[in-house]
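Report on the structure given below.
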Amino acid sequence: MLSLSPLRQPPEDEAQLLAQAGLLAGMTLGELAALAGLPIPPDLKRDKGWTGILLELWLGASAGSKPEQDFAALGVELKTIPIDRQGRPLETTFVCVAPLTGNSGVVWETSHVRHKLKRVLWIPVEGERAIPLAERRVGSPLLWSPSAHEEAQLRQDWEELMDLIVLGHVERITARHGEVLQLRPKAANSKALTEAIGANGEPILTLPRGFYLKKNFTGALLARHFLL
DNA sequence: ACCTGATCATAG
DNA sequence: CTATGATCAGGT
Numbered sequence: 010m011l012s013l014s015p016l017r018q019p020p021e022d023e024a025q026l027l028a029q030a031g032l033l034a035g036m037t038l039g040e041l042a043a044l045a046g047l048p049i050p051p052d053l054k055r056d057k058g059w060t061g062i063l064l065e066l067w068l069g070a071s072a073g074s075k076p077e078q079d080f081a082a083l084g085v086e087l088k089t090i091p092i093d094r095q096g097r098p099l100e101t102t103f104v105c106v107a108p109l110t111g112n113s114g115v116v117w118e119t120s121h122v123r124h125k126l127k128r129v130l131w132i133p134v135e136g137e138r139a140i141p142l143a144e145r146r147v148g149s150p151l152l153w154s155p156s157a158h159e160e161a162q163l164r165q166d167w168e169e170l171m172d173l174i175v176l177g178h179v180e181r182i183t184a185r186h187g188e189v190l191q192l193r194p195k196a197a198n199s200k201a202l203t204e205a206i207g208a209n210g211e212p213i214l215t216l217p218r219g220f221y222l223k224k225n226f227t228g229a230l231l232a233r234h235f236l237l
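Numbered according to this note's numbering, the first sequence spans residues 10 to 237.
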């Protein structure tokens, strides 16, 4: 029988990764944290990435801040996603930081967004704040790649947003732009600034931005999986 | 009730 | 600062 313990090595293939992820389904974050020897914070207010780190540990992902996929050898990215009791996402999903300069000639095919989303292991986790963190249960894993339709949706939003950035209109972009992919601040606070292109082509300082998947997109891909 | 803009911790 | 991991919380 497989031992229920964190993987100390990266998984060898997708099947092994999925098998390990499957063992976690139904367990609580409290159980997984205790078995991994990880302290459980009272809530996520000051530990927003805690669930993601915990699952990385259990699945043998490279911890830390490397700008790579979580399972580089497999080309797989790990995403935990908080869900309500009906399996619908409670939050948008951060994809990557948006490049605000040096974008002449960039195309969808080689974009960071496309690369990050090429193959994703989604792990739904109960996320309602009424449920104590330690009692929240891990759901069934979903190894996903964008369908042709999903990629077309992503590409359209990405191209629209990148056009605005390149044309110096980043500060006119709001989270309402994009049907499935949105651009929002991704920073420590509202004082953190980075360089971007202004309306007259001049350098400006603005908030760092990130690409996020809207809930309608992740909700649909989860529903497709768990209803079929 | 929900979404958008703001925010939190850590490593390098 | 940028990268990783995301959720918070007030205004609409």
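Every residue, glycine too, gets a C-beta built ideally from N, C-alpha and C.
Using a Cβ-Cβ cutoff of less than 7 Å, which residues in the same chain neighbour proline 15 once the five nearest sequence positions on both sides are dropped? Ala45, Leu66 and Trp67
Measuring CB to CB, does leucine 236 end up less than 8 Å from valine 189? no
Select from Glu159, Asn225 and Leu151 the residue whose C-alpha is nearest the C-alpha of alanine 30. Leu151
Can you tell me which of the three DSSP states lysine 127 falls into? coil
Among Lys75, Ala70 and Pro91, which one has its Cα closest to the Cα of valine 85? Ala70
Integer Cβ distance of isoleucine 80 from proline 19, believed to fall under 8 Å: Per the sequence shown, residue 80 should be read as phenylalanine rather than isoleucine. At roughly 6 Å, the Cβ-Cβ gap stays under 8 Å, so phenylalanine 80 and proline 19 are in contact.
At which residues does the beta strand (DSSP E) containing lysine 88 begin and terminate? 86 to 92
Can you tell me whether DSSP reads glutamine 25 as helix, strand or coil? helix
Which class does alanine 205 belong to by DSSP, given the choice of helix, strand or coil? strand
Quick one: give me the first and last residue of the alpha helix (DSSP H) that arginine 233 is part of. 224 to 236
Any idea what DSSP makes of valine 116, helix, strand or coil? coil
Alpha-carbon to alpha-carbon, proline 51 and glutamate 144: 11 Å
With distances taken from CA atoms, which of Val129, Arg128, Lys127 and Pro133 is nearest leucine 99? Pro133
Quick check on the DSSP output: the beta strand (DSSP E) that includes threonine 110 runs from which residue to which? Here threonine 110 belongs to no beta strand (DSSP E), and DSSP marks it neither H nor E.
What is the DSSP secondary structure of threonine 215, counted as helix, strand or coil? strand
Under the three-state reduction of DSSP, which class applies to leucine 188: helix, strand or coil? In the sequence on display, residue 188 carries glutamate and not leucine. Three-state result, glutamate 188: coil.
Would you report the Cα separation of alanine 72 and asparagine 112, rounded to the nearest angstrom? 29 Å
With 16 as the cutoff for other CB atoms within 10 Å, does leucine 176 come out buried or exposed? exposed
Opening and closing residue of the alpha helix (DSSP H) in which valine 175 lies: 157 to 175
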